[in-house]
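Engineer: Residue numbers (my numbering): 41 to 316.
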Ligand SMILES: O=C(O)CCC(=O)C(=O)O
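(1) Quick one: does the C-beta of residue 94 sit closer than 6 Å to a heavy atom of ligand 1?
(2) Assuming residue 302 is part of the alpha helix (DSSP H), what are its boundary residues?
(3) Give a single yes or no on whether residue 143 has its beta carbon closer than 6 Å to a heavy atom of ligand 1.
(4) Looking at C-beta atoms only, is the number of pairs between the segment 205-219 and the segment 121-132 that lie closer than 8 Å three or more?
(5) If we call anything under 7 Å between Cβ atoms a contact, is residue 215 one with residue 260?
(6) What did DSSP end up calling residue 105 once you bin it into helix, strand or coil?
(7) Taking the alpha-carbon positions, what's the residue 293 to residue 275 distance?
(8) Is residue 230 near residue 144, with beta carbons less than 7 Å apart?
(9) Any heavy atom of ligand 1 within a distance shorter than 6 Å of the CB on residue 231?
(10) Hey, how far is the Cα of residue 219 from the Cα of residue 115?
(11) I'd like to know whether the C-beta atoms of residue 295 and residue 257 end up nearer to each other than 7 Å.
(12) For ligand 1, any of its heavy atoms closer than 6 Å to the Cβ of residue 235?
(13) For the alpha helix (DSSP H) that contains residue 286, what are its first and last residues?
(14) Counting only runs of 4+ residues fully inside the segment 170-245, write out the alpha helix (DSSP H) ranges in chain order.
(15) Is residue 213 near residue 173, with beta carbons less than 7 Å apart?
(16) Under a three-way DSSP split, which group does residue 273 fall into?
(17) Under DSSP, the alpha helix (DSSP H) around residue 167 begins and ends at which residues?
(18) Which ranges would you report for the alpha helix (DSSP H) in the segment 54-85 if only whole runs of at least 4 residues count?
(19) Using a Cβ-Cβ distance cut-off of 7 Å, determine whether residue 130 contacts chain C.
Right, dumping it as structure tokens:
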């Protein structure tokens, strides 16, 4: 699958794309894979049952199941990523989540020099007030005054705008299982009104990094120490990779030598891996 020029223009301008029904023919198998990974890890966060009080988060996620790992090779997902990031894109890891309640406005990252994107698979039917993703179109452009103001003010909506985050003008991306959302890591996004069992997982990818921006790639990788990872990728992801997938793993594998020591420190400093 290749994105059209119009889809690419939409993504560049607004920072996201919704692809309704893209994976609906195999969403049951994908959902089974989601539960297989959670079940193999106690059902929730840090090998404990999901308690419905706080977000459960497993990282890396698709890496722990051979069918979910193969999503990286799946022609629609692969084509989507190649269209946006080039044929030599880097896989940057994934997280599996059972969300609880609201997620305030935020961006996922600010790395210089390369575009990073997140594919979100929501596994429940959700809408504006039941926890679907909301986005502020164009907020990824922090180089213009609008994007810069959003970046400064949106994380504290009450203080800065006198209104709850749920009232901020935005687009609500209602989803059915099988729909695919993809967005620039810089885009401001949030979710409001969800219950305490909202299922979702992500695939994060970025452009292949030129030498000048390798320090930024290493910085991104260092951020994963909060999940107590010794490698950005799970064993199943690496063991089941064919030549095409390996191309998307190589640059990170070559630049993750600092991660294990940082994770060892994070294990000493924190009582559990991060929830997101
Ligand atoms: O669905 C949500 O609660 C928010 C998702 C999100 O913020 C993310 O994946 O970065």
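By construction, the Cβ of each residue, glycine as well, lies at the ideal position given by its N, Cα and C atoms.
For clarity, every value in this text was computed on a predicted model and none was experimentally measured.
Structural biologist: According to the data block:
(1) For ligand 1, not one heavy atom lies less than 6 Å from the Cβ of residue 94.
(2) Segment 299-309, the alpha helix (DSSP H) holding residue 302.
(3) Distances from the CB of residue 143 to the heavy atoms of ligand 1 include at least one below 6 Å.
(4) By the Cβ criterion, the segment 205-219 is not in contact with the segment 121-132, since fewer than three pairs of Cβ atoms, one from each stretch, lie closer than 8 Å.
(5) The beta carbons of residue 215 and residue 260 sit no closer together than 7 Å.
(6) Residue 105 carries a coil assignment under DSSP once its states are collapsed to helix, strand and coil.
(7) In this structure, the alpha-carbon of residue 293 lies about 12 Å from that of residue 275.
(8) Yes.
(9) At least one heavy atom of ligand 1 is nearer than 6 Å to the Cβ of residue 231, so yes.
(10) For residue 219 and residue 115, the gap between their C-alpha atoms comes out near 16 Å.
(11) Yes; because the gap between Cβ atoms is below 7 Å, this pair is in contact.
(12) Flag unset: Cβ of residue 235 not near ligand 1.
(13) Where residue 286 is concerned, the enclosing alpha helix (DSSP H) stretches over 283-287.
(14) If we require 4 residues or more, the alpha helix (DSSP H) runs fully inside the segment 170-245 come out as 185-193, 197-201.
(15) Yes. Within cutoff.
(16) Here residue 273 sits in coil by DSSP.
(17) Unbroken run through residue 167: none, as it is neither H nor E.
(18) The segment 54-85 contains these whole alpha helix (DSSP H) runs: 67-80.
(19) Looking for chain C here will not work: only one protein chain is present.
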